[in-house]
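Here the sequence shown is numbered in full-length UniProt numbering, starting from 1 and rising by one per residue. Built from N, CA and C at the ideal position, the CB exists for glycine as well.
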Amino acid sequence: MHSAVLLIEFGSIILGLGLLGRFAARFRLSPIPLYLLAGLAFGEGGLLPLGASEEFVSIGAEIGVILLLLMLGLEYTAGDLVTNLKAHYPSGLVDGALNALPGAAAALLLGWGPVAAVVLAGVTWISSSGVIAKVLGDLGRVGNRETPVILSVLVLEDLAMAVYLPIVTALVAGAGLLSGSLTLAIALGAAGLVLFVAVRYGRVISRFVSSDDPEKLLLVVLGLTILVAGVAQQLQVSAAVGAFLVGIALSGEVAEGAHTLLSPLRDLFAAVFFVFFGLHTDPASIPPVLLPALALALVTAATKIATGYWAARRAGISRKGRWRTGGALVARGEFSIVIAGLAVSAGIEPSLGPLATAYVLILVILGPLTARYTEPLATRLTARRESPTTTESGSRVAEASVGRDGA
Numbered sequence: 001m002h003s004a005v006l007l008i009e010f011g012s013i014i015l016g017l018g019l020l021g022r023f024a025a026r027f028r029l030s031p032i033p034l035y036l037l038a039g040l041a042f043g044e045g046g047l048l049p050l051g052a053s054e055e056f057v058s059i060g061a062e063i064g065v066i067l068l069l070l071m072l073g074l075e076y077t078a079g080d081l082v083t084n085l086k087a088h089y090p091s092g093l094v095d096g097a098l099n100a101l102p103g104a105a106a107a108l109l110l111g112w113g114p115v116a117a118v119v120l121a122g123v124t125w126i127s128s129s130g131v132i133a134k135v136l137g138d139l140g141r142v143g144n145r146e147t148p149v150i151l152s153v154l155v156l157e158d159l160a161m162a163v164y165l166p167i168v169t170a171l172v173a174g175a176g177l178l179s180g181s182l183t184l185a186i187a188l189g190a191a192g193l194v195l196f197v198a199v200r201y202g203r204v205i206s207r208f209v210s211s212d213d214p215e216k217l218l219l220v221v222l223g224l225t226i227l228v229a230g231v232a233q234q235l236q237v238s239a240a241v242g243a244f245l246v247g248i249a250l251s252g253e254v255a256e257g258a259h260t261l262l263s264p265l266r267d268l269f270a271a272v273f274f275v276f277f278g279l280h281t282d283p284a285s286i287p288p289v290l291l292p293a294l295a296l297a298l299v300t301a302a303t304k305i306a307t308g309y310w311a312a313r314r315a316g317i318s319r320k321g322r323w324r325t326g327g328a329l330v331a332r333g334e335f336s337i338v339i340a341g342l343a344v345s346a347g348i349e350p351s352l353g354p355l356a357t358a359y360v361l362i363l364v365i366l367g368p369l370t371a372r373y374t375e376p377l378a379t380r381l382t383a384r385r386e387s388p389t390t391t392e393s394g395s396r397v398a399e400a401s402v403g404r405d406g407a
């Protein structure tokens with residue numbers, strides 16, 4: 001009887017997610033806010049709390065995080081990462097400073113303490129690669145000159161995750177200075193080792209994993225990823241970091257084939273992850289943090305626009321392209337929820353989860369709008385400011401012309 005209820009509940013969840021995804025696609029929206037709302041509706045304090053499938057959904061959510069990070073790693077080769085790091089690291093530093101500090105400051109002002117400050121800094125710092133990639137495709141900007149700048153900022157954020165996640169994991173687990181330093185050293189050592197091996201022996205690894213049979217390729221890559229993620233977690237390093245490093249190590253045809261095969265699985269389990277996060281957030285806890293979430297969303301939307309503008313100007317992009325770059329980077333999504341989920345699971349500040357949920361909901365809706373309208377709005381405002389000066393100088397030229405004619 002229990003298994004039948006589990007199948008009914010889990011089947012209903014998957015079916016509901018599919019219908020929500022189709023609804024979002026029809027209106028060219030990200031489905032993430034709808035998935036979060038679905039979790040809120042059927043979680044603690046929701047309309048119809050789930051019971052039998054909660055443990056299964058929890059495991060699916062963990063797999064979702066692993067696949068999200070693996071797929072990000074597959075997007076980049078180790079050589080690309082090194083090149084981007086060398087060329088665009090100033091933009092990454094500006095990005096971190098402008099967008100992490102507001103989150104840390106907000107947590108301290110709310111009296112949540114230093115650990116919550118580090119967590120909320122990550123929530124406000126990391127943009128949503130998935131949402132941004134979809135928006136760029138929908139707007140037809142993939143070939144624009146500013147798009148490599150956007151991707152460089154996202155790559156640097158992904159690299160920073162490999163360092164940041166172990167720190168957060170150690171902090172939320174209550175590890176001491178020595179234990180936390182050891183965890184970070186292991187993570188940095190592993191990241192450096194994987195990058196070195198990927199650059200030096202990437203072809204050998206890819207040849208070992210490669211297979212003409214899609215079934216075998218899927219099983220080997222998925223099994224290797226989950227195994228490495230489990231070992232990383234056993235060493236008190238985030239499982240997500242382990243998955244990210246596996247993605248970086250794979251390259252060429254193997255990466256392309258694995259990306260194609262794993263994309264549907266990632267979409268499935270990532271959706272389950274967002275639902276799981278919503279399930280563990282009481283809807284009644286969101287209204288008290290809605291105003292702080294809105295204020296933080298507006299501030300960090302402005303700082304992301306400033307980040308993109310600065311990075312694009314540094315790359316020699318035109319003014320319109322700078323505004324498009326800034327507007328495209330506003331959306332937060334999967335990684336903000338992943339980071340907040342670490343704190344929620346560890347029992348850190350109860351209000352952090354609801355605030356992160358409200359914050360992501362706001363910016364995942366606002367992000368596509370800023371990507372579309374920041375540049376035309378900024379151009380219009382700039383034209384209005386310059387028009388009086390232009391009119392005045394035009395009048396002076398006309399007067400001078402009349403004077404010369406009269407002379």
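| query | result |
| --- | --- |
| Decide if the stretch 56–63 is in contact with the stretch 144–161; the criterion is three or more beta carbon pairs, one per stretch, under 8 Å apart. | no |
| Using only CA atoms, which one of 299, 89, 345, 358 lies nearest to residue 280? | 345 |
| Of all the CB atoms in chain D, is at least one closer than 7 Å to the CB of residue 301? | In the displayed structure, chain D is absent; only one protein chain is listed. |
| For residue 309, does the count of other Cβ atoms within 10 angstroms reach 16, so buried, or fall short, so exposed? | buried |
| If I'm right that residue 245 touches residue 122 with Cβ under 8 Å, what's the distance once you round it to whole angstroms? | Actually they are not in contact, since the Cβ atoms of residue 245 and residue 122 sit about 19 Å apart, beyond 8 Å. |
| Below 8 Å CB to CB, which residues in the same chain sit around residue 16 once its five sequence neighbours on both sides are set aside? | 38 |
| Is it buried or exposed, residue 266, if we count other Cβ atoms within 10 angstroms and call 16 or more buried? | buried |
| By alpha-carbon positions, which one of 88, 271, 248, 77 ends up nearest to residue 10? | 271 |
| With a 10 Å radius around its C-beta and 16 neighbouring C-beta atoms as the bar for buried, classify residue 342 as buried or exposed. | buried |
| Report the start-end ranges of each alpha helix (DSSP H) in the stretch 223–292 that is 4 residues or longer and not cut off at the edges. | 239–249, 252–279 |
| Measure from the alpha carbon of residue 125 to the alpha carbon of each residue in 105, 110, 140, then state which is nearest. | 105 |
| Could you tell me the alpha carbon to alpha carbon distance between residue 340 and residue 260, rounded to whole angstroms? | 29 Å |
| Closer than 8 Å is the cut-off here; do at least three beta carbon pairs connect the stretch 249–259 with the stretch 17–32? | no |
| Rounded to whole angstroms, how far is the Cβ of residue 160 from the Cβ of residue 96, which I believe are closer than 8 Å? | 7 Å |
| Please identify the residue among 312, 330, 86 whose C-alpha is closest to the C-alpha of residue 322. | 312 |
| Let's see if you can read the secondary structure: which residues bound the alpha helix (DSSP H) around residue 123? | 114–125 |
| Is the separation between the beta-carbon of residue 439 and that of residue 293 shorter than 7 Å? | For the chain, the structure presents residues 1 to 407; residue 439 sits outside this window and is missing. |
| What is the DSSP secondary structure of residue 3, counted as helix, strand or coil? | helix |
| Helix, strand or coil for residue 351, going by three-state DSSP, please let me know. | coil |
| Take residue 132 and list the residues in its own chain whose beta-carbon comes closer than 8 Å to its own, dropping the five residues that flank it on each side. | 150, 154, 328, 329, 331, 367, 371 |
| Is residue 320 near residue 375, with beta carbons less than 7 Å apart? | yes |
| Would you tell me roughly how many angstroms separate the C-alpha atoms of residue 172 and residue 115, rounded to the nearest one? | 7 Å |
| Keeping to the same chain, check which residues put their C-beta closer than 6 Å to that of residue 404; ignore five residues upstream and five downstream. | Any reading at residue 404 is ruled out, since the residue's pLDDT is 40, under 50, leaving its predicted position unreliable. |
| Have a look at 24, 378, 338, 110 and flag the residue whose alpha-carbon is nearest the alpha-carbon of residue 127. | 338 |
| Please classify residue 158 as buried or exposed, where buried requires at least 16 other C-beta atoms within 10 Å of its C-beta. | buried |
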